[in-house]
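Heads up: the sequence shown runs through residues 819 to 1276, numbered per this note's numbering. Worksheet: the structure to be examined is printed underneath.
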Amino acid sequence: MTEPQGFDPTKFKLITRNVLTEYKELLNDLARVQRSMKEEDHPFAQAREYKRALNATKLDKIFAKPFIGNLAGHPDGVTCITRTGNEISYMASGGYDGEVRVWNVGTNQCLYTIQAHDTVCKGISVSTTKIPYIVTCSTDHTCKLWPLSISTEEDSKPAKVNAPLMTYNHEIPFSCIDTRRGTEDFCTGTSEGLDLWTFSRNEIVQHYDTETDGVLGCKISPTENNVVGITGGNRSIILIDLRANTPIKTVYGVRRYNDLSWNPQQVYMFTACSDDWNLYTYDIRRLNEARTIHKGHLGPVLTVDYSPTGREFATGSYDKCIRIYNEWCGYARDCYHTQRMQKVFNVCYSGDGHYIFSGSDEGNIRIWKAFASESTKIKDKREIAKLNYLNGLKKKYKDMPEIRRIANHIHLPKELMHTKTIRDTMILSEKKKELNRKKHAKKERKTKKEKEENGNEN
């Protein structure tokens, strides 16, 4: 028998594998998956990605359960809430009866209560100094400084703090309050303007006359702590530099602005909520027009708060709903509501940006997930990688009709759907009327000079 041409019996080919890369080092290790990365070997890759993105979008809606729990204890409506500085697990709230409560959100426990005022508590803020303090203001013409202590017995009733560290008196009622980041200063709003205080003095350090029909809300920028934004009763937003004696910029709206919030990541941006059911995001370098108008609410918007990431914000409204907006988007990403929740007076993000606290008229503080379908359990590396992959696919195919329809759908109660139908009909009829007015309007007669100018231009 003759050997094949070119055959060398001392050399022959074998299938060889590298022990370090092809075999498991331990029994529990994952097996290596062999795959080809060539595009011609995967002709249906795009179709598979689209199907995965569609399924992920549907599963987000199925597992969307944003409500976590509530903090009950206020005998009356909750008027103001705030997070406690650098402590993520704690928050403070004030109510119509003047009572202030400090909560441990992780255990749903009230640590202690303070009967701070005789009338409604209009504002509450926690300082970011080395030793944090609680500052409250009320319509009883007083503003008080309280200690923030989170140590209490777990199995006993909430402790009580009776005496304030300092009391600041004024001739007229207070309407709002906010602390200055990293300092012992704080600002209060009244019907006469804005006042600057410090913890160690019970007298006004500086008064700013705003020439408005009262200050409704004041917020100090978390990054530029010399700039204060206030909303006035005369439909105005006024920006004040605390180093100067006069306001630096003023902008007027169609309706009254109820509250504003600064973007913690972008120094020049802030968002204000209005009585005309909309929110307006402004750039302080160009206040002549809003950068973005956020629509969707079916009642006056009462409160707004930015996430620590600066990419989105939550709002509370008179329509008993909480809506979450992306900073660049004009419509809501999600809408939270319950059967018993009444008018939402205040919303606040947690320090890590994963949760939202809301205080409403019926006396409950509710805890929501910032992302409705997000799991609260601890995730391993493979699960995180899978979620990141699916989020990338949803972002890639977000403009496909079916995915866009499912992702943008928001379920509303029957009453709000009826209100939304009426509002949409009014907007549509107004647009139709404007088109008919332009269509049937008489043509303006041009003067001889205008005709000559048009002729020269042509």
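Quick reminder that beta carbons are idealized off the backbone N, C-alpha and C, glycines included. Everything numeric in this text was worked out from a predicted model, so none of it was measured.
Rounded straight-line distance, which links the Cα of residue j to that of residue i
| i | j | result |
| --- | --- | --- |
| residue 1136 | residue 1042 | 31 Å |
| residue 920 | residue 884 | 23 Å |
| residue 971 | residue 908 | Residue placement at residue 971 cannot be trusted, given a pLDDT of 49 that sits under 50; the coordinates are not used to answer. |
| residue 890 | residue 1122 | 22 Å |
| residue 946 | residue 1144 | 27 Å |
| residue 1036 | residue 922 | 27 Å |
| residue 1116 | residue 855 | 51 Å |
| residue 1188 | residue 995 | 26 Å |
| residue 1130 | residue 1172 | 12 Å |
| residue 1161 | residue 888 | 16 Å |
| residue 1110 | residue 982 | 43 Å |
| residue 1198 | residue 917 | 43 Å |
| residue 1276 | residue 1257 | Residue confidence for residue 1276 is low, a pLDDT of 47 falling below 50, so the modelled location carries little weight; the figure read from the coordinates is stated next. Their Cα atoms are separated by approximately 25 Å. |
| residue 1243 | residue 1200 | 49 Å |
| residue 1073 | residue 1126 | 28 Å |
| residue 1259 | residue 1253 | 10 Å |
| residue 832 | residue 852 | 19 Å |
| residue 863 | residue 857 | 8 Å |
| residue 1139 | residue 1085 | 28 Å |
| residue 894 | residue 1020 | 30 Å |
| residue 1081 | residue 1054 | 19 Å |
| residue 826 | residue 845 | 40 Å |
| residue 1118 | residue 1087 | 22 Å |
| residue 1010 | residue 933 | 27 Å |
| residue 896 | residue 997 | 20 Å |
| residue 1059 | residue 1103 | 14 Å |
| residue 1040 | residue 924 | 26 Å |
| residue 1061 | residue 1099 | 25 Å |
| residue 859 | residue 1105 | 55 Å |
| residue 838 | residue 1213 | 37 Å |
| residue 835 | residue 1220 | 46 Å |
| residue 1280 | residue 1067 | Given that the chain is displayed from residue 819 to residue 1276, the structure contains no residue 1280 and the question cannot be resolved. |
| residue 1083 | residue 1006 | 24 Å |
Proximity winner among the options, relative to residue i (alpha-carbon distances)
| i | options | result |
| --- | --- | --- |
| residue 1101 | 1069, 1113 and 1022 | 1069 |
| residue 926 | 1013, 886 and 1131 | 886 |
| residue 1226 | 1216, 1234 and 1103 | 1216 |
| residue 1281 | 1062, 1031 and 1065 | Given a span of 819 to 1276 for the chain in the structure shown, any question on residue 1281 remains unanswerable. |
| residue 1169 | 900, 1029 and 1221 | 900 |
| residue 1038 | 1165, 954, 1020 and 1004 | 1004 |
| residue 1218 | 868, 842, 851 and 843 | 868 |
| residue 1024 | 1085, 988 and 1063 | 1063 |
| residue 1124 | 993, 1222, 1073 and 1146 | 1146 |
| residue 1166 | 1010, 1096 and 906 | 906 |
| residue 1107 | 997, 1089 and 1001 | 1089 |
| residue 953 | 1119, 1017, 1010 and 1000 | 1017 |
| residue 1008 | 1000, 999, 1049 and 1001 | 1049 |
| residue 1120 | 1105, 1103 and 1094 | 1094 |
| residue 1148 | 1181, 1180 and 1097 | 1097 |
| residue 993 | 999, 1083, 898 and 1001 | 898 |
| residue 866 | 1208, 1234, 1255 and 1248 | 1208 |
| residue 1000 | 1044, 1232, 1092 and 928 | 1044 |
Under 8 Å between C-beta atoms of residue i and residue j
| i | j | result |
| --- | --- | --- |
| residue 1141 | residue 1114 | yes |
| residue 903 | residue 950 | yes |
| residue 1134 | residue 1163 | yes |
| residue 1012 | residue 1033 | yes |
| residue 1047 | residue 1057 | yes |
| residue 1028 | residue 1065 | yes |
| residue 935 | residue 967 | no |
| residue 930 | residue 978 | yes |
| residue 937 | residue 958 | yes |
| residue 980 | residue 960 | no |
| residue 843 | residue 850 | no |
| residue 1174 | residue 1132 | yes |
| residue 1224 | residue 879 | yes |
| residue 1186 | residue 1176 | yes |
| residue 1238 | residue 1230 | yes |
| residue 882 | residue 1203 | no |
| residue 1181 | residue 892 | yes |
Q: At 3 residues or longer, and completely inside the segment 1083-1115: list those beta strand (DSSP E) runs for me, N to C.
A: 1087-1092, 1097-1101 and 1110-1112
(Q) I want to know whether the segment 1146-1160 touches the segment 860-874 - three or more CB-CB distances under 8 Å. (A) no
Q. Are at least three pairs of beta-carbons, each pair with one atom in the segment 930-942 and one in the segment 895-914, less than 8 Å apart?
A. yes
Q | Contact the segment 1182-1197 vs the segment 1075-1084: 3+ CB pairs below 8 Å | A | no
Q: Report the residue ranges of all alpha helix (DSSP H) runs contained in full by the segment 1133-1157; include only those spanning at least 4 residues, in chain order.
A: none
Q: With a floor of 4 residues, list each alpha helix (DSSP H) that falls wholly inside the segment 1198-1272, ordered by position along the chain.
A: 1199-1214, 1219-1226 and 1232-1258
Q) Taking the runs of the alpha helix (DSSP H) that are 4 residues or longer, which of them lie wholly in the segment 917-961? A) none
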